[in-house]
Structure formats: C-alpha cells, structure tokens
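S.K.: Following this message is one structure expressed as structure tokens.
Number of protein chains: 2
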Amino acid sequence: MYVNEVLLSPNNKNTTSNKLFVIKIGGNVIDNPENLKKFLKDFAAIDGHKILIHGGGKIATEISESMGLVPNLVDGRRITDEDTIKVVTMVYAGLINKNIVAQLQSYGCNAIGLTGADGNFIKAKKRPVKTIDYGYVGDLHEGSIAPDNLTNLINANFTPVFCAITHDGQGQLLNTNADTIASALAVALSKMYETTLIYCFEKKGVLKDISNEGSLIEEINPVVYETLKQANIIHSGMLPKLDNAFAAIANGVKEVIIGKSDDLETLKHNIPFGTRLINNL
Amino acid sequence: MYVNEVLLSPNNKNTTSNKLFVIKIGGNVIDNPENLKKFLKDFAAIDGHKILIHGGGKIATEISESMGLVPNLVDGRRITDEDTIKVVTMVYAGLINKNIVAQLQSYGCNAIGLTGADGNFIKAKKRPVKTIDYGYVGDLHEGSIAPDNLTNLINANFTPVFCAITHDGQGQLLNTNADTIASALAVALSKMYETTLIYCFEKKGVLKDISNEGSLIEEINPVVYETLKQANIIHSGMLPKLDNAFAAIANGVKEVIIGKSDDLETLKHNIPFGTRLINNL
Chain H
32 MYVNEVLLSP NNKNTTSNKL FVIKIGGNVI DNPENLKKFL KDFAAIDGHK ILIHGGGKIA
92 TEISESMGLV PNLVDGRRIT DEDTIKVVTM VYAGLINKNI VAQLQSYGCN AIGLTGADGN
152 FIKAKKRPVK TIDYGYVGDL HEGSIAPDNL TNLINANFTP VFCAITHDGQ GQLLNTNADT
212 IASALAVALS KMYETTLIYC FEKKGVLKDI SNEGSLIEEI NPVVYETLKQ ANIIHSGMLP
272 KLDNAFAAIA NGVKEVIIGK SDDLETLKHN IPFGTRLINN L
Chain L
32 MYVNEVLLSP NNKNTTSNKL FVIKIGGNVI DNPENLKKFL KDFAAIDGHK ILIHGGGKIA
92 TEISESMGLV PNLVDGRRIT DEDTIKVVTM VYAGLINKNI VAQLQSYGCN AIGLTGADGN
152 FIKAKKRPVK TIDYGYVGDL HEGSIAPDNL TNLINANFTP VFCAITHDGQ GQLLNTNADT
212 IASALAVALS KMYETTLIYC FEKKGVLKDI SNEGSLIEEI NPVVYETLKQ ANIIHSGMLP
272 KLDNAFAAIA NGVKEVIIGK SDDLETLKHN IPFGTRLINN L
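Protein chains in written order, with this note's numbering: chain H, 32 to 312; chain L, 32 to 312.
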C-alpha cells in the first residue's frame with residue numbers, strides 16, 4: 032500500500048527525487064561548535080529532500096541565567112512559564128535556528144528556519160493542567176502537521192530547519208519535544224515521500240554495552256527488539272526512543288536510524304551508520 | 032514596459048492576483064501590543080500577496096540591559112558588536128518575529144517568519160571599516176535580493192514576514208536597516224508584481240505642519256516634492272525617507288504610501304490613507 036501511495040503521488044515523478052531524510056540533532060551537537068559545523072556540512076551534502084529538527088542545548092539556560100531568571104521547578108519538573116517561553120523563543124527560533132540556517136546557506140543548502148507557527152506547519156495543544164501545570168508546553172495530536180503546506184515548501188527546493196517550538200493556532204507559541212516533532216513530521220510526510228528518520232545523538236547508536244562503542248547493534252527489527260528488551264540489553268532511557276521509532280515505522284516511515292552526528296557523512300556514500308530500525312516482518 | 036513585464040510574467044494570470052503589498056512597520060508599532068494587534072488584524076485582512084517587514088522596538092534594549100550588556104557606542108554611534116548581533120538575532124528573528132507570525136496565523140494569514148539568511152532571500156555586505164567599525168551591520172547591494180526564490184514562496188501562498196536581519200552568504204548574520212530592506216524587496220519584486228510599498232509609522236503621513244495631523248499632504252509627485260523641499264515644508268528626517276521612496280518608484284514600484292499603522296484598515300475598502308507618492312509625470 033505504501034508503494035502505491037508513493038507511485039500515485041502526483042508531485043513525485045521518480046524514486047530518487049522522492050526520498051526524504053528527516054534528521055534530528057540534540058542539544059549536545061548544538062553545544063559544540065566544531066561538532067555542529069561538521070554535522071551541518073555533512074547535512075548540506077546529502078542529496079535530495081531533507082528536513083532538520085534541532086534541540087536547544089545549554090545556551091537557553093545560560094541566557095536565562097544571564098537575565099537573572101531562576102528555573103521554575105514544580106515537583107522537580109521544569110515549567111515553561113511566561114519568561115521561559117520568551118527565552119526559548121529567542122534562543123531556539125532566533126539565535127540557534129538562524130545561525131544554523133546561515134551556516135547551511137554558506138554550504139550551499141537552501142535552508143529556511145521555522146517554528147511550527149510558520150506556515151501553520153505544526154499545531155499543538157497546550158498540555159492540560161492535571162497535578163502539574165507545565166505552562167506553555169505543547170503536545171502534538173492527530174492532524175498536528177500540515178503536510179500539504181510543507182510539501183509545497185519542500186518541492187520548491189527549500190530545506191526546512193525546525194526548532195522545537197509549535198503554536199496553538201490562537202497566537203500562542205508552545206515549547207514541544209524535538210524528538211516527537213521529528214517523528215510526527217516523518218510520519219506525516221511518509222505519505223508523499225520515501226522517508227528515513229534519523230536521530231543523531233552522542234553515541235554510535237544502540238549499544239549492547241553502553242560503555243563500549245564497539246558493541247553497536249547494527250540492525251533491529253520488531254522481533255529482535257522484543258528479544259533485546261527481554262534480555263534487558265535495551266532498557267530505561269532507550270525504551271521510549273525505540274518505541275517511538277517503531278511506531279513511526281508502523282505508520283509509514285521506511286526506516287529509522289539512531290546514530291552519532293559525526294557519522295552522518297557516511298550517508299552520502301550510501302554507507303549505513305548507527306543502528307538501523309526496520310520492519311522486515 | 033512595466034505593463035508588458037506584468038502581462039508576460041508566466042506565473043501571473045491576471046492583474047488581481049498580481050498585486051503585491053510590501054508593508055513595513057517600525058518599532059513604535061511593535062512596542063505597543065494593542066497597536067500591533069490592530070495592525071496585524073488589518074494586515075491579515077488585505078487580499079492577495081503581501082510581505083511584512085518589521086523593525087525592532089525597545090524590547091532588544093530591554094533584553095540587552097537585563098543581560099547586563101552595555102550599549103557599545105563609538106563617537107555616539109551604536110555598534111553591532113558580537114553580543115549585540117546575538118541579542119538582535121534572538122529578539123528580532125525569535126521573540127518579535129515568531130510572535131507576529133503566530134498572531135497572523137490566528138487571524139488566518141499564512142505567515143512565515145524570515146531573516147535574509149532563510150532561503151538566501153537577502154544577502155548583504157558587512158559595512159567596510161572606515162573611520163568607524165560598525166560591527167555586524169550589513170548593507171544591501173545590487174543583487175542582494177533573490178526574487179525567484181521569494182516568488183516561489185509567495186506564489187505557494189505564504190506571506191513572508193521579515194525581520195531586519197540579513198546574512199553575508201558566508202555564515203554571518205548582519206543587522207540591516209528595515210526601511211532599506213522594505214524598499215529593496217519592493218523594487219526587486221516589482222518585476223513580477225504590481226507592487227505598492229507602504230511605510231507605517233506614528234504620524235498620519237507627510238504633514239505640512241508636524242504638530243498638526245490635519246495638515247496631511249495626500250499626494251506627492253516629483254514636481255510637488257521639489258516645490259515642498261524648496262519651500263522648506265519637507266526637511267530634515269523626512270528627506271531620506273522620501274528620496275528613498277521616489278527612488279523605489281523610479282525603479283519599478285507602482286506607488287509608495289507613508290501613513291499611520293492604525294489607518295491600514297482603510298486599504299481593504301480601497302480607501303487611500305496617508306501620503307501617496309506617485310510618479311505621474
């Protein structure tokens with residue numbers, strides 16, 4: 032069914048132009064200018080359609096502190112209060128996003144820096160107040176992504192660069208998890224493109240032994256995933272990431288890669304990197 | 032010749048869809064949330080293609096001060112040093128731009144927030160150091176604007192919202208005068224669209240007597256302009272604004288309006304407002 036959808040899509044004439052990479056980098060890449068520079072060069076060198084989603088890094092905290100703001104914590108959880116949403120809008124959508132865009136342009140990539148408010152690309156709902164009021168935090172929902180608007184932009188040969196800010200459609204910007212945005216974008220766009228979702232972080236990929244970079248698991252399918260979970264080889268923080276990844280695959284994404292930002296360059300030589308999650312059942 | 036260009040443009044099928052309004056608001060509108068809200072509602076209500084360019088307002092100074100930064104002045108001139116370009120990128124491209132976009136989206140306008148780095152839309156050259164080093168200030172030059180990229184975006188029914196930041200194409204963001212950006216965009220796009228350039232500020236328009244809002248000059252052509260200059264009715268700060276406006280008209284812009292942001296709503300009823308500058312020689 033997925034193949035049919037791709038072939039039937041009127042905008043896409045062949046498989047080559049129909050590939051889309053949705054790539055997310057975390058704060059640890061942002062925090063290191065040299066890592067970021069190498070990553071952006073490698074990202075710019077990827078042929079064809081691509082989208083970048085970036086996290087925040089430590090800069091938001093540093094700016095907050097320099098403004099004399101104190102983190103608002105309730106039961107140990109960080110709250111996005113009125114000052115915080117201002118700071119993250121400044122730092123994520125302004126400072127980080129536009130510097131990434133300017134760098135990508137210098138490497139010949141036609142980047143365009145966005146929040147979810149721009150083009151109404153990503154709408155979210157302010158998280159309902161239960162025991163904790165998280166403040167201006169937005170959760171995605173069915174229909175959050177406007178794939179037609181985004182396809183117009185991508186097909187006009189722009190490379191969207193999203194920070195992790197969405198809006199509620201009523202004028203309010205919202206702080207949203209970057210991993211979730213990446214997977215929602217990949218799923219929504221998999222109707223039009225053959226989509227690969229890549230999470231770049233500080234490790235080589237999913238490791239059997241977290242202290243040994245040589246213990247990389249190169250490929251995981253749902254059956255292998257179950258076995259690894261039961262053997263307690265994959266546990267704690269990695270579980271939601273992988274659950275999320277397999278959910279994306281179940282919803283149309285062709286494959287998910289979890290790997291190191293430094294290794295992205297292998298992609299242009301068609302050499303696999305990191306851990307490849309596939310659904311070959 | 033201009034009419035021929037419009038008729039021959041392949042993307043534009045009729046005169047109605049071929050109109051473009053390029054509208055600039057200054058810091059005084061940004062600084063007043065109620066004025067800004069009314070302006071954005073009126074802007075959203077304008078039919079057809081439109082571009083917004085916004086200035087900075089007092090917020091950048093306030094954020095700077097809250098971060099403990101001291102304005103860097105040389106010979107009384109404000110310098111865009113390394114800290115300042117960071118702050119203006121945060122405030123103009125992040126806080127102000129994205130809040131404007133979110134508000135416009137809530138009024139049904141498909142806004143997309145941009146700097147000149149995005150889509151490589153506006154390139155500038157760092158101002159050469161002569162007696163004063165202005166720091167990260169960018170001046171526009173011939174070929175600064177990429178009209179094709181921008182036309183793609185506009186024809187895909189997005190409404191560009193530009194802050195006054197450009198880039199040098201080498202990865203450096205630059206602080207650039209918003210009036211100049213507005214006029215350069217209007218001129219570059221007048222090859223594809225029937226373009227009206229509107230400067231919104233705090234006065235009703237060009238006044239014979241600056242203290243009397245009733246002394247509005249409704250229309251100025253180059254001959255009238257010469258007369259008004261010689262009679263010293265137009266002088267000092269208004270001269271560069273008007274010189275700039277007539278230069279835009281000489282380079283393809285159909286008309287320039289200088290008026291009050293509050294009065295923009297009359298535009299949707301096709302009622303003129305402010306001072307209309309035309310070239311009817």
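For every residue, glycine included, the Cβ atom is placed at its ideal position computed from N, Cα and C.
Predicted, not measured: the structure shown is a model, and the values here were computed from it.
(1) Locate the alpha helix (DSSP H) running through LYS291 (chain L), then write down its first and last residues.
(2) Tell me the rounded alpha-carbon separation between ILE90 (chain L) and GLU65 (chain L).
(3) Closer than 8 angstroms by beta-carbon distance: list the chain L residues that pair up with ASP149 (chain H), in chain order.
(4) Could you work out which residues of chain H lie near SER175 (chain L), taking near to mean beta carbons separated by less than 8 angstroms?
(5) Using three-state DSSP, classify LEU181 (chain H) as helix, strand or coil.
(6) Measuring straight from C-alpha to C-alpha, what distance separates THR306 (chain H) and THR211 (chain H)?
(7) ASN206 (chain H) lies in the beta strand (DSSP E); which residues open and close that run?
(8) Could you give the DSSP three-state label for HIS80 (chain L): helix, strand or coil?
(9) Report the three-state DSSP secondary structure of ASN35 (chain H) (helix, strand or coil).
(10) Please list, in chain order, the chain L residues whose beta carbon lies closer than 7 angstroms to that of ASN183 (chain H).
(11) Answer yes or no: do ALA219 (chain H) and PRO253 (chain H) have a C-beta to C-beta separation smaller than 8 angstroms?
(12) Are the beta-carbon atoms belonging to LEU135 (chain H) and VAL192 (chain H) less than 8 angstroms from one another?
(13) Determine the chain L residues that contact GLY169 (chain H) at a beta-carbon separation under 9 angstroms, and present them in chain order.
(14) 8 angstroms is my cut-off, CB to CB: does HIS198 (chain L) come that close to chain H?
(15) Looking only at its own chain, which residues have a Cβ that is under 6 angstroms from the Cβ of PRO159 (chain H), when we skip the five neighbours before and after it?
(16) Can you list the residues of chain L that LYS117 (chain H) reaches, using a CB-CB cut of under 8 angstroms?
(17) Could you tell me whether the region 196-204 of chain L touches the region 143-153 of chain L, where touching means 3 or more Cβ pairs closer than 8 angstroms?
(18) Any chance the region 114-126 of chain H sits against the region 99-112 of chain L, with 3 or more Cβ pairs inside 8 angstroms?
(19) Closest to PHE189 (chain H) by CA distance: which of H:LEU67, H:ASN310 and H:ASP78 is it?
(20) Three-state secondary structure (DSSP) at LYS161 (chain H)?
(21) Where does the unbroken beta strand (DSSP E) through ALA142 (chain L) begin, and where does it stop?
(22) Could you give the first and the last residue of the continuous beta strand (DSSP E) run that contains LYS50 (chain H)?
(23) Can you tell which of H:ILE251, H:ILE248, H:VAL237 and H:VAL255 has the C-alpha that lies nearest to the C-alpha of SER267 (chain H)?
(24) Residues of chain L with CB under 8 angstroms from THR120 (chain H), in chain order?
(25) Would MET98 (chain H) pass as an interface residue toward chain L - the criterion being a Cβ-Cβ separation below 8 angstroms?
(26) Going by DSSP in three states, VAL105 (chain H) sits in which element: helix, strand or coil?
(27) Can you pull the chain H neighbours of GLN136 (chain L), defined as C-beta to C-beta under 7 angstroms?
(28) Using DSSP with H/G/I as helix, E/B as strand and the rest coil, what is GLU257 (chain H)?
(29) Out of H:CYS140, H:VAL287, H:ILE153 and H:TYR138, state which residue places its alpha-carbon closest to the alpha-carbon of CYS231 (chain H).
(30) If you follow the alpha helix (DSSP H) that VAL118 (chain L) is part of, which residue opens it and which one closes it?
(31) Would you report the Cα separation of ALA213 (chain L) and ILE61 (chain L), rounded to the nearest angstrom?
(32) Report the option in H:LEU247, H:GLU233, H:ILE185 and H:LYS154 whose CA atom is closest to the CA atom of LEU67 (chain H).
(33) So, does the CB of SER40 (chain L) fall closer than 8 angstroms to a CB anywhere in chain H?
(34) May I have the straight-line CA-CA distance separating ILE163 (chain L) from ASP112 (chain L), to the nearest angstrom?
(35) Give the secondary structure of ILE309 (chain L) by DSSP, where H, G and I count as helix, E and B as strand, and everything else as coil.
(36) Can you find a C-beta in chain L that's less than 8 angstroms from the C-beta of GLN261 (chain H)?
M.R.: Looking at the coordinates:
(1) Counting along the chain, LYS291 (chain L) falls outside any alpha helix (DSSP H), though it belongs to the beta strand (DSSP E) covering 286-291.
(2) 15 angstroms
(3) LYS129, VAL132, ALA142, ILE143 and GLY144, listed in chain order.
(4) Going along chain H, no residue has its Cβ under 8 angstroms from SER175 (chain L), so there is no contact; the nearest lies around 14 angstroms.
(5) helix
(6) 19 angstroms
(7) 204-206
(8) strand
(9) Annotation note: pLDDT 39 at ASN35 (chain H) (below 50); position unreliable, coordinate value reported separately. If DSSP states are grouped into helix, strand and coil, ASN35 (chain H) belongs with the helices.
(10) ALA187
(11) no
(12) yes
(13) In chain order: nothing, as chain L lies at least about 11 angstroms away.
(14) yes
(15) none
(16) Annotation: Cβ neighbours of LYS117 (chain H) in chain L (cutoff 8 angstroms, chain order): LEU126.
(17) Contact between the region 196-204 of chain L and the region 143-153 of chain L is present, because at least three Cβ pairs lie under 8 angstroms.
(18) Result no; under three Cβ-Cβ pairs closer than 8 angstroms.
(19) H:ASP78
(20) coil
(21) 142-145
(22) LYS50 (chain H) -> beta strand (DSSP E) spans 50-56.
(23) If you compare the alpha carbons of H:ILE251, H:ILE248, H:VAL237 and H:VAL255 with that of SER267 (chain H), the shortest gap goes to H:VAL237.
(24) GLY125, LEU126, LYS129 and ASN130
(25) yes
(26) strand
(27) ALA148, ASN151, HIS198 and GLY200
(28) The answer is helix: DSSP assigns GLU257 (chain H) an H, G or I state.
(29) H:VAL287
(30) 113-119
(31) 16 angstroms
(32) H:GLU233
(33) Only weak support exists for where SER40 (chain L) lies, its pLDDT of 40 falling under 50; the coordinates are left without a value.
(34) 12 angstroms
(35) coil
(36) no
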